[in-house]
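Here the structure comes first, spelled out in structure tokens, and everything after it is commentary.
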Amino acid sequence: MSFIRQFFGNMRKANQKVLSIYLPAGYPTSEATLPLLDTLVEAGADMIELGIPFSDPLADGPTIQRASQQAIANGTTLLQSLNFLRLFRTKHPQVPALLMGYANPFFRFGWDRLVDMAAAADVSGFIIPDLPPEECEPILSRIHSSGMDLIFLATPNTPPERLRLINAKGRGFLYAVSLTGVTGARKNLPPETKAFLQRLRRESSHPIMVGFGISTPQLAAQMAKEGNGVIIGSAVIDLIENSPDLPAARKTVFEFVSQVKKAMG
Amino acid sequence: MSFIRQFFGNMRKANQKVLSIYLPAGYPTSEATLPLLDTLVEAGADMIELGIPFSDPLADGPTIQRASQQAIANGTTLLQSLNFLRLFRTKHPQVPALLMGYANPFFRFGWDRLVDMAAAADVSGFIIPDLPPEECEPILSRIHSSGMDLIFLATPNTPPERLRLINAKGRGFLYAVSLTGVTGARKNLPPETKAFLQRLRRESSHPIMVGFGISTPQLAAQMAKEGNGVIIGSAVIDLIENSPDLPAARKTVFEFVSQVKKAMG
Amino acid sequence: MKTQLIPAIKATQYPDKSGKFGPFGGKFVPEILIPAITELEDAYLSVREDPEFLREFGYYLSEYVGRPNSLTFADRLTEKIGGAKIYLKREDLNHTGAHKINNVLGQLLLARRMGKKRIIAETGAGQHGVATATVAAKFGMDCIVYMGEEDTVRQRLNVSRMQLMNAEVRAVKTGSRTLKDAINEAIRDWVTHVEDTFYCIGSVVGPHPYPMMVRDFQSVIGQETLSQHMEAEGRLPEAIVACVGGGSNAMGMFAPFVEHQAVALYGVEAGGRSGKIGDHAATLTYGEPGILHGMLTYLLQSEAGQVSDVHSISAGLDYPGVGPEHSQLKDSGRVTYGSVTDREALEGLKLLSATEGIIPALETAHAVYYACELARKMSREESLVICLSGRGDKDMETVEKHL
Amino acid sequence: MKTQLIPAIKATQYPDKSGKFGPFGGKFVPEILIPAITELEDAYLSVREDPEFLREFGYYLSEYVGRPNSLTFADRLTEKIGGAKIYLKREDLNHTGAHKINNVLGQLLLARRMGKKRIIAETGAGQHGVATATVAAKFGMDCIVYMGEEDTVRQRLNVSRMQLMNAEVRAVKTGSRTLKDAINEAIRDWVTHVEDTFYCIGSVVGPHPYPMMVRDFQSVIGQETLSQHMEAEGRLPEAIVACVGGGSNAMGMFAPFVEHQAVALYGVEAGGRSGKIGDHAATLTYGEPGILHGMLTYLLQSEAGQVSDVHSISAGLDYPGVGPEHSQLKDSGRVTYGSVTDREALEGLKLLSATEGIIPALETAHAVYYACELARKMSREESLVICLSGRGDKDMETVEKHL
Ligand SMILES: Cc1ncc(COP(=O)(O)O)c(C=O)c1O
Ligand SMILES: Cc1ncc(COP(=O)(O)O)c(C=O)c1O
């Protein structure tokens, strides 16, 4: 059984909701990544998604677009990011860490080489938003046989038959996209989200993590109730972007993540 | 017999070449026209063509274009010009005076009214460059029956049959256009001009006046030899244009015209 | 496959032998041009029914210009107006974007036959200049285009197009610096180089044989329209609307319909800013007969017979005269002439753009506006054709300024 | 009379059921778009051979766009080059001035069938944006066009045209502010409004079924060329040349010829200022396979898989990717791809303007230059067709700056 599945099993047993935080590698600087990851864990994050920057993040809103551009400008590479994850996993072996990124940097790196090196770095799994089930063959079995998971997304417009395909191919958890749109913090989520998540719970046996748009402890608490936990990205990046320096960023991120974790009870 | 034909008969008998000068009415000012006409006669001009300004003088070069614009701006009208001619003829009854102008101002005035009033002003004839023989019917017989002439032009490219038509319709004299081009003073005339004028003399029984481009006493003398005389326009206007005031203009025009007349012997 | 088009140029009753349309028309030119226009008339009459010439003309109209162009049913405009069915005769689809090239092609084929290699032309909007530069390039002829200085500014795009095709564009700085003065300057050039030069006039204006010849070459518009409308509706249209600058697109469109009395014909002039002299270019609406550019026709002019300055938002309508056949058609009552203001033309342009996805030339936009007013009063069973004389790309800067 | 055109869209071997052209193509899109592209694929497959759809498509291509357009024999260019006979397939004569409208018409007819009333599109040169705004206006649909901020400046004329037709033009200020980023932004819009929005892609790029569908709609170019050349010369041409930005005019032209091995096919990319990365947009010449905009295809990119900034004098070729079918055709060797620099393209533009009176788009000018080099080496008995993908009016400002 994969590390992520074990992890969700443990959390469910402990009756705990999962808080996963997305952080772009090399943002706002290369030096900041490991300290910020530590901060996230210290503040209560249960899971980590490290983003590999891409020049054309077409499913992302302005916040992540800016962060990606900054990270690329900082010279962030995939190799370096794998190294961050290796160090992180060594320090926090209990915290699952996923590699998240668009397909092209991975493809250029080479699918096989990617999986091998990720396994060596003790990466827990992958989220590749532009690699839907129909395009995952070149990588899926190798990921699985290396004990990692490839996470798929389900969206409010995903029809039932397709959800079955996603359920069949996916492992680890199901990434429930809360709304039809790009990433980015929202004040509110649409009223339909709840029904969508209920449907997912009915029709999927995977743990369900809700992401996109979650910006406040209240929203996080609300959404966590409808699944196994939530994923937050842009809201944290916004805080970092508005901080004058790394210590300030760590402080404000710590406070926010702690509050979210607390609200999720 | 028309006044112009009598005039040419007299000049031929006296073995005299004819010098005709074109002056735009109302140029450079309305007040200048009569004094300038006097100057021309005093300096030796044998015949006068008073130009009616037109907004679109499409057979004229830059000099006459500018003069026409100036005359229009000065408010010069056809009625006024007829009045100038009446006064001129009263003062200089021996000097033929023609009305020269594009068709439209005459047409708007009314062909019949034009001929009647011109006759009353004792005008000797008309030159209308854009009224070729095929378009002259509305006016020709009335001009003739009023004792005036309508002057036609012949050009280097006029074929023999056409010259016969021009000879048949025309009366007074034949206006020989020295070159293919618009009006305006030229340094030289093309070498073909001589042969053209010889042809005209062979094929026409009208007196022949050579015009277009004549700018110097030498050129005038040369051309006068090939016909009954010459017509000068732009060269005189250039002098007026370059004069600071009317007395200066009269002086320089007087000198130029005297020289030309002298050169023509 | 497109079938090759051989336009049948039909000798009509007018003009008479002396080039007159009733009292209008004629050859009011300096003597020096008489041999040139006589040579031209002879040459034209000799090719007018020459099958080889017509075949050549048809070949280039089809293979190069892209004829026949469509008769597009303007369904959304029709619906919006709620009256007669509106059809658009798509001269905007021609190579270079307007009807002007039909005529240029005919004239330059004739020039080629006459052995003339130096082509001169005047242009207002630049469309006729572009068309002339285009065909001259295609035939390997020298080309000089006279254009009022003011127009070289408002139609800068077209100046560049001409220059790219190796035409020399001469900015005319005399008079009002617009179309009328460009014609004056072209005639002066012609007078000076009459032996080797062919003057390619851009509308049904000038001395005989131009008004006749240009009409004939442009009548391909009306001929196609007639058969296309027949095919679409099984009958002739009830009304036809065209804008009138010099009047070539209108004459080309009207020509085959004049004899069909049941077809109402409308010519639309530039109403400009107001009905005050100098503020518009609505010659037939406000003018009086006069003589200019070799023809007797309606003119905008002063009491004294000085030609007026004119104004239109569209450079191609900015002309104080009009083709002499229009003068005759006005006096005979066969064609109704009206005018549309700058502002209304802009509205017409916007309306057609938004409903049909076709941006007309500002010239054409006058016809569009007028046609809409007309269609509104007609019944849904009737149909109306607008001569879409050109596309609006050249006018985008002007339009931007006025929106 | 023009016969009504029913383009026969032929199902070819490629792509396979999963949208792959060999290893290229596919559907590399966010999950949220999967239902949309699946719905689109189903809808397209259901109309692909539906005679009623094809009739409608043919009706608008003929009556509105003005097809079939001509295959013009470029006699003077041929003579000047002194090699193969050069023919021009005249997509410049289409309504709006380029081949783009063929595809837009197909897609928006499909959108209408699918009940989608909100149309989005990206545009580089503005030609696809104008075509989309145009057909959206004609069909009464809402239209939003994403355009890189830099391109809104260099193709200002086209921005005004779109706005006149009531399209909303959104200047994209992210990334390199050109075509690639306009596509990103359009996809983000689509992701957000996936239920009611139809994304009208402008080239044979994007996720399946776009590369197939756009090729099919554009293949009317090649189909007409094939029969027109047959009619003119009694055989197929020896060579065909088209420029390649995303690759739609080239694919549309090549499609029916791919199976005729004797016809040599050439695709011409933008060589820009130099062969240095960032100085050109010659994807197939210098790129490596990668994944962008939903497809696996050759890409200009860094070692790390970041998509490169690209440069071309022509906004429409300024794209770091290329249609996946071209990637396959390159690898299979069936098509030869080359590149032409900014400077050479300008030469091509001037040459065609001066010899044929046809000012091509700067995009097209790349193909013109390449074709001339090629024709020079061919015999006078052979013939070559250039896909004249668009007219150059939109480029006059750029051209002026570089002359
Ligand atoms: C598109 C267009 N329509 C109309 C005209 C007016 O000319 P005409 O009345 O001769 O058709 C012009 C003149 O430039 C033009 O470009
Ligand atoms: C005239 C013209 N040709 C070619 C292109 C390149 O696109 P594609 O390669 O898809 O034909 C464009 C794109 O805007 C264009 O406007």
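Protein chains in written order, with my numbering: chain A, 1 to 265; chain B, 1001 to 1265; chain C, 2001 to 2403; chain D, 3001 to 3403.
Glycine is no exception: its CB is placed at the ideal position from the N, C-alpha and C atoms.
Here the structure is a predicted model, which means the values were calculated and not measured.
Could you say which of the options lies nearest to residue i if we only look at CA atoms?
| i | options | result |
| --- | --- | --- |
| D/ASP3189 | D/GLU3382, D/PRO3051, D/ARG3118 and D/THR3283 | D/ARG3118 |
| A/ASN228 | A/GLU134, A/CYS136, A/VAL18 and A/ASP60 | A/VAL18 |
| A/TRP111 | A/CYS136, A/GLN80 and A/ARG89 | A/CYS136 |
| A/LEU165 | D/GLY3234, D/SER3176, D/ILE3034 and D/ALA3167 | D/ILE3034 |
| B/SER1124 | B/ASP1238, B/ASP1046 and B/PRO1244 | B/ASP1046 |
| D/PRO3320 | D/GLY3390, D/TYR3146 and D/ALA3281 | D/ALA3281 |
| C/VAL1949 | C/LEU2292, C/GLY2022 and C/LYS2089 | Absent from the model: residue 1949 of chain C. The displayed extent of chain C is 2001 to 2403, so no value can be given. |
| D/GLY3294 | A/THR158, A/TYR102 and A/VAL177 | A/TYR102 |
| D/ARG3154 | D/GLU3031, D/GLY3126, D/VAL3220 and D/THR3012 | D/GLY3126 |
| D/ARG3112 | D/TYR3087, D/ALA3133, D/MET3141 and D/HIS3095 | D/MET3141 |
| D/VAL3047 | D/VAL3172, D/GLY3066 and D/PHE3217 | D/PHE3217 |
| C/LEU2108 | C/LYS2080, C/TYR2060, C/MET2147 and C/PHE2073 | C/TYR2060 |
| D/GLU3325 | D/VAL3399, D/LYS3401, D/GLY3245 and D/LEU3346 | D/GLY3245 |
| C/HIS2260 | C/LEU2093, C/ALA2367, C/CYS2243 and C/LEU2236 | C/LEU2236 |
| D/ASP3016 | D/GLU3063, D/PRO3211 and D/GLN3301 | D/PRO3211 |
| A/ILE143 | A/ALA120, A/LEU197 and A/ARG199 | A/ALA120 |
| D/ALA3315 | D/ASP3342, D/VAL3307 and D/SER3308 | D/ASP3342 |
| C/VAL2191 | B/THR1252, B/LEU1058 and B/ILE1139 | B/LEU1058 |
| D/ASP3331 | D/ALA3367, D/VAL3368, D/THR3285 and D/TYR3369 | D/THR3285 |
| B/ALA1118 | B/SER1215, B/ASN1167, B/PRO1096 and B/PRO1129 | B/PRO1096 |
Taking the CB atoms as reference points, tell me whether residue i and residue j lie closer together than 9 Å.
| i | j | result |
| --- | --- | --- |
| D/HIS3311 | D/GLY3202 | no |
| C/PRO2209 | C/GLY2026 | no |
| C/ASP2393 | C/GLY2097 | yes |
| D/GLY3124 | D/ALA3186 | no |
| D/SER3383 | D/LYS3085 | yes |
| B/ALA1195 | B/GLY1213 | no |
| D/VAL3241 | D/LEU3374 | yes |
| B/LEU1163 | B/SER1204 | yes |
| D/ALA3365 | D/ALA3345 | yes |
| C/LYS2010 | C/SER2219 | yes |
| B/ILE1139 | B/PHE1106 | yes |
Assuming residue i contacts residue j under a Cβ cut-off of 8 Å, what Cβ separation, rounded to an integer in Å, is found between them?
| i | j | result |
| --- | --- | --- |
| C/ALA1995 | C/MET2396 | Residue 1995 of chain C is absent from the structure shown; chain C starts at 2001 and stops at 2403. |
| B/THR1183 | B/GLY1061 | 5 Å |
| D/GLY3290 | D/GLY3278 | With 8 Å as the limit, D/GLY3290 and D/GLY3278 do not qualify as a contact, their Cβ atoms being about 16 Å apart. |
| C/VAL2029 | B/PRO1132 | 7 Å |
| C/VAL2385 | C/LYS2089 | 6 Å |
| D/GLU3356 | D/SER3389 | Not a contact, Cβ separation roughly 15 Å. |
| D/SER3248 | D/VAL3194 | Not confirmed; about 24 Å, so no contact. |
| B/PRO1022 | B/GLY1233 | The question names Pro, but residue 1022 of chain B in the sequence shown is Tyr. Right, the Cβ-Cβ distance comes to about 3 Å (below 8 Å), so this counts as a contact. |
(message) Taking 8 Å as the cut-off, does the stretch 2331 to 2338 of chain C touch the stretch 2264 to 2273 of chain C (at least 3 CB pairs, one atom from each stretch)?
(response) yes
(request) Would you check if there are 3 or more beta carbon pairs closer than 8 Å linking the stretch 24 to 38 of chain A to the stretch 149 to 167 of chain A? (result) no
(request) State whether the stretch 208 to 220 of chain A contacts the stretch 248 to 263 of chain A, with contact taken as three or more CB pairs (one from each stretch) at a distance under 8 Å. (result) yes
(message) Closer than 8 Å is the cut-off here; do at least three beta carbon pairs connect the stretch 3145 to 3160 of chain D with the stretch 2368 to 2387 of chain C?
(response) no
(request) Check whether the stretch 228 to 238 of chain A touches the stretch 203 to 211 of chain A, taking contact to mean three or more Cβ pairs, one atom from each stretch, closer than 8 Å. (result) yes
(message) Is it the case that the stretch 239 to 252 of chain A contacts the stretch 1005 to 1020 of chain B, given that we only count it when at least three CB pairs across the two stretches are under 8 Å?
(response) no
(message) With a threshold of 8 Å, are at least 3 pairs of Cβ atoms found where one atom belongs to the stretch 3035 to 3042 of chain D and the other to the stretch 3051 to 3070 of chain D?
(response) no
(message) Count Cβ pairs between the stretch 3164 to 3174 of chain D and the stretch 2344 to 2362 of chain C that sit closer than 8 Å; are there 3 or more?
(response) yes
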